[in-house]
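This report concerns only the one structure given below.
Structure below.
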């Protein structure tokens, strides 16, 4: 302990010594991160220039008044004080945490703190002689994270309001159109069956009947959008849901000799999602990929993990999407195919929004399309 005190004194004064204290002091003072060395009883033995700037106190302040007296008077520094309470009272180090710290200037900072034991070799076992603390000012990064979260929440609020408005519109469309369409289709069918009518009249009635049928299918899909079940989160293996979705589309794919392939890189990661809703979304994406892929092509489903995100990608080798169409892709009733209602991808988008996730499209004409679903911080959703 005496050697540690003498060494810390040599570092703080820049005195030459057997371990080249001047060089070491220069290196430590050039660090952008704050370094503090504390004795086993909690006394501050050394603090480099960075930690003095970050905390707003000199090494002399630390030694004369003690760290606890300097910062304990501010309730904002409760979490910061806990770091030293853990060290001095509980002898607990070896951790990382982010805490709020009120600087003497009045500025509120966000600090990343890492603590570790300082041990000396004893005859039979290591002896605790002190603690090493590293501090990094992450205020700017923290503020950017807060702004990003605020923007994400606002985006989600707008998307949810859009979804609610669309839901109300869809319910109105389904209710107001269904009955007239059924009536039109019924009268057209009667005209078609009546051979007393002229052939061209029956032919025109057939066209009316077909268009009425198309409208009725559109109403059915709008109704499906309205009737999506309530979001119910559960923790599970999303790869099982992907396998079920692939199985549901396999028969359609086989008609065009299309191969469906899963590439799973989740390494057993579990996440929180709604298996029913996500399964519905994946079937829609796979159906879409099969429809746009040429005969004998492959459709790939990638499962990826990125830090706290789970990603599902569906990639086809179809004709791709023209750039001017990309921004409208998830809008209801928008489709590049005349026979499609355009509600399928709108349903996918609504389901992803229910999961508080993101959906992105990468596509080039002639080079296929990748639609990517990203579930962000999914475990947080379950605990909230």
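Numbering (this note's numbering), first residue to last: 9 to 392.
Just so you know, even glycine gets a beta-carbon here, dropped at the ideal spot from N, CA and C.
Check, Outcome
"Alpha carbons only, please: which of 199, 225, 232, 268 is nearest the one belonging to residue 214?", "199"
"Tell me which same chain residues have a C-beta within less than 6 Å of the C-beta of residue 317, skipping the five on either side of it?", "382, 384"
"Around the C-beta of residue 68, are 16 or more other C-beta atoms found within 10 angstroms, so that it is buried, or is it exposed?", "exposed"
"Compute the beta-carbon to beta-carbon distance between residue 95 and residue 42, rounded to the nearest angstrom, for a pair I have assumed lies under 8 Å.", "Not a contact, Cβ separation roughly 15 Å."
"For a test of the three-state rule: what should DSSP assign to residue 205, helix, strand or coil?", "coil"
"Is there a Cβ from chain D that is less than 8 Å from the Cβ of residue 296?", "Annotation note: the requested chain D is absent from the structure, which comprises a single protein chain."
"For residue 204, is the classification buried or exposed, using 16 other Cβ atoms within 10 angstroms of its Cβ as the cut-off for buried?", "exposed"
"Quick one: what does DSSP say residue 273 is sitting in, helix, strand or coil?", "coil"
"Report the residue from 102, 86, 147 whose alpha carbon sits nearest the alpha carbon of residue 115.", "147"
"Between which two residues does the beta strand (DSSP E) harbouring residue 57 extend?", "Here residue 57 belongs to no beta strand (DSSP E); instead the alpha helix (DSSP H) covers 57-63."
"Can you give the Cα-Cα distance for residue 135 and residue 127, rounded to whole angstroms?", "5 Å"
"With 16 other CB atoms within 10 Å as the buried threshold, where does residue 229 fall?", "buried"
"Starting from residue 338 and walking both ways along the alpha helix (DSSP H), at which residues does that stretch end?", "Unbroken run through residue 338: none, as it is neither H nor E."
"Please name the residue, chosen from 193, 303, 363, 154, that lies closest to residue 246 on a Cα-to-Cα basis.", "363"
"Compare the Cα-Cα distances from residue 172 to each of 155, 236, 379, 140 and report the closest residue.", "236"
"Could you give the distance in angstroms between the alpha-carbon of residue 86 and the alpha-carbon of residue 315?", "30 Å"
"Report the rounded CA-to-CA distance for residue 76 versus residue 61, giving the unit in angstroms.", "17 Å"
"Using the Cα positions of residue 195 and residue 301, report the straight-line distance between them to the nearest angstrom.", "38 Å"
"Contact check, residue 311 vs residue 250 under 8 Å by CB: the rounded distance?", "6 Å"
"Assess contact between the segment 182-193 and the segment 154-169, defined as three or more Cβ pairs (one per stretch) separated by less than 8 Å. Is contact present?", "no"
"Less than 8 Å between the C-beta atoms of residue 64 and residue 113, yes or no?", "yes"
"Here's the rule: buried if 16 or more other CB atoms are within 10 angstroms of the residue's CB, otherwise exposed. What is residue 263?", "exposed"
"Report buried or exposed for residue 331, applying the criterion of at least 16 other Cβ atoms within 10 angstroms of its Cβ.", "exposed"
"Taking Cβ positions, are residue 341 and residue 353 nearer each other than 8 Å?", "no"
"Is residue 322 closer than 8 Å to residue 307 when the C-beta atoms are compared?", "yes"
"Is the separation between the beta-carbon of residue 298 and that of residue 270 shorter than 8 Å?", "no"
"I'd like the list of long-range same chain contacts for residue 177, defined as Cβ closer than 7 Å, with 5 residues on each side in sequence excluded.", "none"
"Which full runs of the beta strand (DSSP E) of 3+ residues lie inside the segment 114-193, going along the chain?", "116-129, 134-145"
"At what residues does the alpha helix (DSSP H) containing residue 250 begin and finish?", "246-263"
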